Structures are given as structure tokens and as C-alpha cells.
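Visitor:
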Amino acid sequence: MSKRSQPHDAHPSDHSAIYHEDLKHPSVKRAKEIDENSPFEQLKEILAEQKTDHSVRNVLHWFRSKDVRADDNRALHAASQKAKEGDGSLITMYLHSPKDLEWHGTSPARSDFLLESLSLLQKQLHQKNIPMAIVTAEERAEKSDKVLQFIKDNDISHVFGNFEYEVDEIRRDIKVAHRIQDEKDVSFELLHDQTVLEPGLLRTGAGTPMKVFTPYHKAWLVETKKNPEHLDLVAPPEPNDKSAAEKLKKLFDFKLPSLPENKDFINDEERKRIRGLWPAGHSAGMDRLEHFLNEKVSSYATHRSEPARDPSSRLSAYISAGVISVREALAAAKKHNKNKHFDAGDSGIASWVREIVFREFYRQILVAIPHNAMNLPQNLKFDNVHWEEDEEGWEKWCQGKTGVPWVDAGMRQLNTEAYMHNRLRMNTASYLTANLLIDYRRGERYFATHLIDWDLSNNTQGWE
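Taken in order, the sequence shown gives residues 56 to 519; the numbers are from our numbering.
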């Protein structure tokens, strides 16, 4: 096969490209070993050993694909504060890995949205004399080498980033943390930013992480009410001195990369349509949040399961890429709710916040059961299910031509808008697995290759 037609490299318009190669996973025995020796706990142990008391030179914030913003970014804020302690500058960097986009099946819509938002963020930072370098790793195995070389080349003493909770990303950070430990006078610090509450914070009476949503939701409401500082926003980074523009001139010259060929839109019409539906950047996200609170949230509890009414906030793409923070969304919701907590006041607010808490819960599950990020079900005994090889049914499902109106409407919305209403996601998934008896992982992968708001923990656990 040509490179373009191989499974990981195929364009998402090629429905048949989701082969079994895309669904590979470790053995059940290996999955249990991973769960017992949690990569997340390994990373935290390594980070706890970091020495941070050395002199401050240049300070780096490492942007990830889930914190693409300057406002209320905890690691960026911490890096900015650390930079003030020395005579160096705040530097930011984004690690671009085209092979990661292929490996995760990231859609053209999400890839473009991410790069467009990064471009706007880069301009925003430049106005503060803060550079954003783009470091490209052509091969996945090069990522830690590229990061370490950038640190050495730019006399960086402290590296900050926000935690990512997927196994691949945790393993990348473990490699970087080990390499930094071997360097003299360099430290690596990660902060929790994706969620209001750190995954693992809420536990059962037996001391284990909560794995059932209803008690988790109740505990989340209690914890955020008791300790409202969880919801506090942090300030954007302070400007570098004007001299940084000259001292770090080469770092201001980086341009955002183009989309890889297999992650580009089919044509200009599709690009225009998707960008019109999902304008990039923090300002667009905040405008959408304000519109939802002013125009939709009051009826959200009543109509949230009625896709034809378009009752949802349409903020999922912005939150999944960290273009706006979940705390910004909750702060605006609380203000709209006359500063009442989320368990009182407007029923629409309470219902919408419940959906946000689901997102937090899914990350807790991902950390507690890491094999869930590796093409395996939470309950490993279900890995033995015999699925049908119904290629005709699969193709009809992908195209929205099953003859079932509710299912077809959802799939056509996905293929047209790079988005699907949550109720339709549940219905289309149920039809694929319960009616067609097709492996849920194929459907999960199809969603990944088409959704602009794709998020591994939400997508994986939504399909389960």
C-alpha cells in the first residue's frame, strides 16, 4: 500500500481505513500490570524528586494540546512568576508531532482548530515580548530528545507544563523527567490544570478513587463548595522586558506548521465550513460561553436531550483543547447564577455543570484505570466479546445511511459539522454495537477521526 492508504495515515473520509491494526492493544495480563504500576504515580514520584532550588535563568512553559491559552493557565502562570525571580526571560514552546496526530487518529477539524488557536495565541504572547517556539518531532521516538535539546540551546533552568493523563503522554513526560534529572541545574514541574479537582482527590470511604459517577458528582459539589479556591482563576503571564525581543530574536521567528497532508481538509469548502462553525481562539470561546449563558442555559435542563433545538453550549472543542479553561466556564456560570453554588439556583446551570463534572470524572477513571487508554475496556473480561465483521453495515453507519432516522441524522451531523449532539452520540454508538454487533473500538476510532472536540477520556468512556 502507498503511505496515504495505510491505516494510520489514511484520510478520515476513507471509512474502510479503520482496520484492526488501529485497534491493537496489550494483553490482559499486561494491562493488569500497567494498572498495578500506574504510570501516573510513577511520574508523580519522579517529579517529587526534582530539585528546584537552583538559580533562575530562562524559564520555559511547555504548551500541550490541552492548554492552548494565556488566560487562567496554571503552569504558564507559575512559569511567569518563576521568571520574575531571575534575570532571564519567560519562553514558551509547543511540541508538534505529526505522527502523534496519526497515532491518535486526530481529525482534520481538530488538527486545524488546534493550529489556528496556537497561531492566535502566539500573536497574543508576542505582544508581551514572550516568544512561542514550535519544536517539531518528525518521529514519535524523537520527542524527548527534541525537548531536551531545546532546553540546552536556550539556557533554561526551570521547565513548567500542565499534566496530561493519557498513558502515552505520561510516558513521554516520564522520559523527559528522567533526562532532566541528569542535567545540572534544570528542573521540571507539572501542574493540574485540565480539571477543577485533581484526578484521585475524591475517594471512597475505603480510600480508593471513586469510580461511580453519582457519588462522585455529589462529592465534587461538596468539595468545591467547602474549598472554593479550587475554582480560583490565575492571571495571564506578565510581559517580558522589551529587551527579550532582541535577546531571543530567533525564538520570535517560528511559524506554525501546515497541516500534514492526511490531516488537511478535503477541499476549501470544507475548511471554510468548519472554520465558520468553530472559530479558533480564546476570544471566540468566551463569546460562545457568554451567548450560551445569556440565550440557552435557562432552558438547558428541559431541552438538553433534544438535538433539534440545538440546546448545547458548543464549547466542547474549546474546552477539550484548553482554549478556554473549565474554571473560566464555571466562573461565568456562577456569576450568571447570582454567585450561588452549582447545586442551587438556576436548574439549567446545575444541569450543565453536571456535564462538566462528567468530564472530570472521566479523567479520574483514566488515571485510576490506565489500561482504558489502550484500546481495552474497563472490565477486561469484555475483551473476549466476539464482534461481527459486517462491512456493509459499517459503511452504512459511517455514511448515515442505515435507514434509522435518529442514527442517520447523528452521523450526517458528524460528517458535516465535525460535531454531534451528546444524545445522538449515545444513540449512534448503541446502534453500532447492539444492533450491528460491530466492535465499539471501530466506532470510537471513527469518532476520533471526525470530531473537532475529540478527547480520549471522554470518547473512550462514552463508548463504553
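Note that beta-carbon positions come from the ideal geometry of N, C-alpha and C, so glycine has one too. A quick note: this is a predicted structure, and the numbers were derived from the prediction, not measured.
1. Going by C-alpha distance, which of D200, H109, L245 is nearest I101?
2. Give me the residue from I146, M481, Y501 with the minimum Cα distance to G517.
3. Within a Cβ cutoff of 8 Å, which residues of the same chain sit near L348, ignoring the five residues on either side of it in sequence?
4. In whole angstroms, give me the CA-to-CA distance for V202 and E415.
5. Specify, as a first and last residue, the run of the alpha helix (DSSP H) that E100 falls within.
6. Using C-beta distances below 6 Å, list every residue in its chain close to D494, excluding the 5 sequence neighbours before and after it, in chain order.
7. Within its chain, find whatever has a CB closer than 6 Å to the CB of N295; leave out the 5 residues flanking it on each side and keep chain order.
8. How is T107 classed by DSSP in three states: helix, strand or coil?
9. CB-CB under 6 Å to P315, same chain, minus the five flanking residues each way: which ones, in chain order?
10. On the criterion of 16 or more Cβ atoms from any shown chain inside 10 Å, does I507 qualify as buried, or is it exposed?
11. Could you spell out where the beta strand (DSSP E) holding S212 opens and where it closes?
12. Check whether the segment 353–362 and the segment 401–408 touch, using three or more Cβ-Cβ pairs below 8 Å as the test.
13. In three-state terms, what does DSSP make of Y149?
14. Measure the alpha-carbon distance for S485 versus P163 and round it to whole angstroms.
15. Go ahead and pull the three-state DSSP assignment for L245.
16. By Cβ distance below 7 Å, which residues in the same chain neighbour Q179 in space, the five residues on each side in sequence not counted?
17. Could you check where the alpha helix (DSSP H) with H80 kicks off and where it finishes?
18. Please state whether the Cβ-Cβ distance between A428 and V222 is less than 7 Å.
19. If you follow the alpha helix (DSSP H) that H396 is part of, which residue opens it and which one closes it?
20. Taking only the alpha-carbon atoms, compute the straight-line gap between R497 and E197 and give it to the nearest angstrom.
21. Going by DSSP, what residue range makes up the beta strand (DSSP E) through V190?
22. What are the partner residues of P264, as DSSP defines its beta bridges?
23. Taking 8 Å as the threshold, find out whether the segment 445–462 comes into contact with the segment 92–109 through three or more Cβ pairs.
24. Can the beta-carbon of K302 be found closer than 7 Å to that of H213?
25. Between the beta-carbon of R418 and the beta-carbon of Y271, is there less than 7 Å?
26. Using beta-carbon positions only, say whether P362 and R478 come within less than 7 Å of one another.
27. I'd like to confirm the pairing. Which residues does DSSP put opposite H116 in its beta bridges?
28. Taking only runs of the alpha helix (DSSP H) that begin and end inside the segment 330–380, which ones reach a length of at least 4 residues, in chain order?
Guide: On the basis of the supplied data:
1. The count along the sequence shown starts at 1 and reaches residue 101 at position 46. Closest by alpha carbon: L245.
2. Here the question's residue 517 lines up with position 462 in the sequence shown. A check of alpha carbon separations from G517 across I146, M481, Y501 identifies M481 as the nearest.
3. By 1-based counting over the sequence shown, the position of residue 348 is 293. Excluding residues within five positions, the ones whose Cβ falls inside 8 Å are A387, A388, H391.
4. Taking the first residue of the sequence shown as position 1, residue 202 is located at position 147. Taking the first residue of the sequence shown as position 1, residue 415 is located at position 360. When rounded, the separation of the alpha-carbon atoms in V202 and E415 is 29 Å.
5. The residue labelled residue 100 in the question sits at position 45 within the sequence shown. 94–103 is the extent of the alpha helix (DSSP H) around E100.
6. Position 439 of the sequence shown, counting from 1, holds the residue named residue 494. Here the set comprises W442.
7. Here residue 295 corresponds to residue number 240 of the sequence shown, with the count starting at 1. Within the same chain, S144, L145, N184, I185 come within 6 Å of N295 by CB-CB distance, once the 5 residues on both sides are set aside.
8. In the sequence shown, the residue the question calls residue 107 occupies position 52. Looking at T107 - three-state DSSP - the assignment turns out to be coil, as it is neither helix nor strand.
9. Here the question's residue 315 lines up with position 260 in the sequence shown. Closer than 6 Å at Cβ, skipping near neighbours: P153.
10. For the purposes of this step, residue 507 is taken as residue 452 along the sequence shown, with counting starting at 1. For I507, the number of other beta carbons within 10 angstroms of its own is at least 16, and it is reported as buried.
11. On the sequence shown, position 157 is the one that residue 212 refers to. 211–217 is the extent of the beta strand (DSSP E) around S212.
12. yes
13. For this step, residue 149 is matched to residue 94 along the sequence shown. Strand, per DSSP.
14. Reading the sequence shown from its first residue, position 430 is the one you call residue 485. Reading the sequence shown from its first residue, position 108 is the one you call residue 163. For S485 and P163, the distance between alpha carbons rounds to 25 Å.
15. One-based indexing of the sequence shown puts residue 245 at position 190. For L245, the three-state secondary structure derived from DSSP is strand.
16. In the sequence shown, residue 179 corresponds to position 124, counting from 1. Around Q179, the same chain offers A125 as residues with beta carbons nearer than 7 Å, after the five sequence neighbours per side are excluded.
17. Counting from 1 along the sequence shown, the entry for residue 80 is found at position 25. No alpha helix (DSSP H) holds H80; DSSP gives it neither H nor E.
18. Locating residue 428 in the sequence shown gives position 373, where the first residue counts as 1. Locating residue 222 in the sequence shown gives position 167, where the first residue counts as 1. Yes.
19. Reading the sequence shown from its first residue, position 341 is the one you call residue 396. It is not in any alpha helix (DSSP H) - H396 carries neither H nor E in the DSSP assignment.
20. For the purposes of this step, residue 497 is taken as residue 442 along the sequence shown, with counting starting at 1. For the purposes of this step, residue 197 is taken as residue 142 along the sequence shown, with counting starting at 1. Cα-Cα distance, rounded: 29 Å.
21. Residue mapping note: residue 190 aligns to position 135 of the sequence shown, counting from 1. 187–191 is the span of the beta strand (DSSP E), which, as asked, contains V190.
22. Taking the sequence shown and counting its residues from 1, one reaches residue 264 at position 209. Partner(s): R258.
23. no
24. For the purposes of this step, residue 302 is taken as the residue at position 247 of the sequence shown. For the purposes of this step, residue 213 is taken as the residue at position 158 of the sequence shown. Taking 7 Å as the cut-off, the Cβ atoms of K302 and H213 do not count as close.
25. Here residue 418 is taken as the residue at index 363 of the sequence shown, counted from 1. Here residue 271 is taken as the residue at index 216 of the sequence shown, counted from 1. No, Cβ-Cβ distance for R418 and Y271 is not below 7 Å.
26. In the sequence shown, the residue the question calls residue 362 occupies position 307. In the sequence shown, the residue the question calls residue 478 occupies position 423. In this structure, R478 lies closer than 7 Å to P362 by Cβ.
27. For the purposes of this step, residue 116 is taken as residue 61 along the sequence shown, with counting starting at 1. Answer is T147, F215, bridged to H116.
28. You should have 337–350, 355–358, 371–375.
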